[in-house]
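J.:
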Amino acid sequence: MGGALGYGVWLLQRDEIVWIFLAGAAISLIALYLASVLPRWRRRLLRPGPGSPPRQHLRTRLPRHRLIFVSAGFLAVIIFWSSLRVIEGGHRGVVFHLVQGVQERTLGEGIHFLLPVLHRLTVYDMRSRVYYVQSRAEPSRRGPGKPENPLLWTPTADGLKVGLDLSVRYRLDPTRLPELHRNVGPQFEEKVVHPIAWNVTRLVASEYSLLDVYGKHRHEIQQQAFERVKALFARDGLICEALLLRDVMFTEEFEKTLVTKMIAEQKVQESAFEVEQAGLHAQVQVIEARGE
Numbered sequence: 044m045g046g047a048l049g050y051g052v053w054l055l056q057r058d059e060i061v062w063i064f065l066a067g068a069a070i071s072l073i074a075l076y077l078a079s080v081l082p083r084w085r086r087r088l089l090r091p092g093p094g095s096p097p098r099q100h101l102r103t104r105l106p107r108h109r110l111i112f113v114s115a116g117f118l119a120v121i122i123f124w125s126s127l128r129v130i131e132g133g134h135r136g137v138v139f140h141l142v143q144g145v146q147e148r149t150l151g152e153g154i155h156f157l158l159p160v161l162h163r164l165t166v167y168d169m170r171s172r173v174y175y176v177q178s179r180a181e182p183s184r185r186g187p188g189k190p191e192n193p194l195l196w197t198p199t200a201d202g203l204k205v206g207l208d209l210s211v212r213y214r215l216d217p218t219r220l221p222e223l224h225r226n227v228g229p230q231f232e233e234k235v236v237h238p239i240a241w242n243v244t245r246l247v248a249s250e251y252s253l254l255d256v257y258g259k260h261r262h263e264i265q266q267q268a269f270e271r272v273k274a275l276f277a278r279d280g281l282i283c284e285a286l287l288l289r290d291v292m293f294t295e296e297f298e299k300t301l302v303t304k305m306i307a308e309q310k311v312q313e314s315a316f317e318v319e320q321a322g323l324h325a326q327v328q329v330i331e332a333r334g335e
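Under the working numbering, the sequence shown has 294 at position 251, and the numbering climbs by one with no breaks.
1) Could you check the C-alpha separation between V52 and Q143 for me, to the nearest Å?
2) R271 to F123, Cα distance in whole Å?
3) Suppose the cutoff is 7 Å on Cβ atoms and the five residues either side in sequence are ignored; what does the same chain contact list for L164 look like?
4) Could you give the DSSP three-state label for P198: helix, strand or coil?
5) Please say whether A277 and T244 have beta carbons closer to each other than 7 Å?
6) Across which residues does DSSP place K204 in a beta bridge pair?
7) If you measure between the beta carbons of S171 and R219, is that distance less than 7 Å?
8) When you compare the stretch 297 to 315 with the stretch 227 to 235, are there three or more beta-carbon pairs, one atom per stretch, that lie closer than 8 Å?
9) Consult DSSP for M292 and reduce its assignment to one of helix, strand or coil.
10) Do you know how far the Cα of I154 is from the Cα of H237?
11) Given a cut-off of 7 Å on the beta-carbon distance, is the pair D279 and V227 in contact?
12) Could you pull the start and end residues of the alpha helix (DSSP H) that V243 belongs to?
13) When DSSP builds the beta bridges, which residues end up paired with V318?
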């Protein structure tokens, strides 16, 4: 209960309390004015007139000071309504003040009151998200109908290319959200996530041979890349939760070479087995000859 009360007080900062007070005062004044005027209008409309009664007593034109009063009240209501900002669940807002700049206090879930001219609100999704790292070629190098490659192709230690199906799960650090907004902005995936994940994975994969990447060192490569990406993300206000190396692919040329190599190794093993069997057969013959 105490935590919920503290959270509510935290939401209603000084500027928000002022706006609530002004809006409530404006609405109350308009309600009081209408409550005092409507009975007189009603009496005028219902007052019977002699014969062909002149309509002067039905005149409902407001005096100038009352018109100004009502206009100011409606203007206050309009400003109040346009100042409402709603932040949905799992999101936080960063406020840019026209005079003071980016505010260090972020806005949580709920309703907030911000001046449309003085404040500018940017809402960020604070939930975990998954980014799929892909090879990005220049538009001139991609054909007009060719999409981006879904794999991250990178050279290995033995000079061959390997395709990695890589994904990064991360979220924004709520304590450093103003810093992220000030230094990077909403385009953090293009400016931070992709360059770091792409570069780190290439560097780690280049330390291993293709067969190591495809085989027993795959988990080790994934863990090394995760630790490096996590450290670099933290510098810009991002929290890396996981880096998953989901699949490893190689080129068709290497696949053909690998198949040829495997066939050759199999033939060598078969030949060695035949030689071994022939030697054993010869030894058996020698033993049989000695026995005779």
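Beta carbons: idealized from backbone N, C-alpha and C, even for Gly.
Note that the coordinates shown come from a computational prediction; the quantities given were computed from them, not determined experimentally.
T.: Quick look at the numbers:
1) Locating residue 52 in the sequence shown gives position 9, counting from the first residue. Locating residue 143 in the sequence shown gives position 100, counting from the first residue. Since pLDDT at V52 reaches only 36, below the 50 mark, its modelled position is unreliable, and the value read off the structure follows with that caveat. Approximately 23 Å between the Cα atoms of the pair.
2) Along the sequence shown, one-based indexing puts residue 271 at 228. Along the sequence shown, one-based indexing puts residue 123 at 80. Approximately 48 Å between the Cα atoms of the pair.
3) By one-based count along the sequence shown, residue 164 stands at place 121. Hits under 7 Å: R128, G136, V138, L157.
4) Translated into the one-based positions of the sequence shown, residue 198 becomes position 155. Reduced to three states, the DSSP call for P198 is strand.
5) Sequence index remark: in the sequence shown, residue 244 carries index 201 (1-based). Sequence index remark: in the sequence shown, residue 277 carries index 234 (1-based). No, they are not a contact pair.
6) Taking the first residue of the sequence shown as 1, we reach residue 204 at position 161. For K204, which the question treats as bridged, DSSP gives the partners P198.
7) On the sequence shown, position 128 is the one that residue 171 refers to. On the sequence shown, position 176 is the one that residue 219 refers to. It is not a contact, given that the beta carbons lie outside the stated cut-off.
8) no
9) Reading the sequence shown from its first residue, position 249 is the one you call residue 292. In this structure, M292 counts as strand in the three-state DSSP scheme.
10) The residue given as residue 237 occupies position 194 in the sequence shown. The residue given as residue 154 occupies position 111 in the sequence shown. Rounded to the nearest angstrom, the two C-alpha atoms are 34 Å apart.
11) Your numbering for residue 279 matches position 236 in the sequence shown. Your numbering for residue 227 matches position 184 in the sequence shown. For D279 and V227, yes; Cβs fall inside 7 Å.
12) Taking the first residue of the sequence shown as 1, we reach residue 243 at position 200. V243 -> alpha helix (DSSP H) spans 237 to 248.
13) Position 275 of the sequence shown, counting from 1, holds the residue named residue 318. Answer by DSSP bridge pairing: none, since V318 is not bridged.
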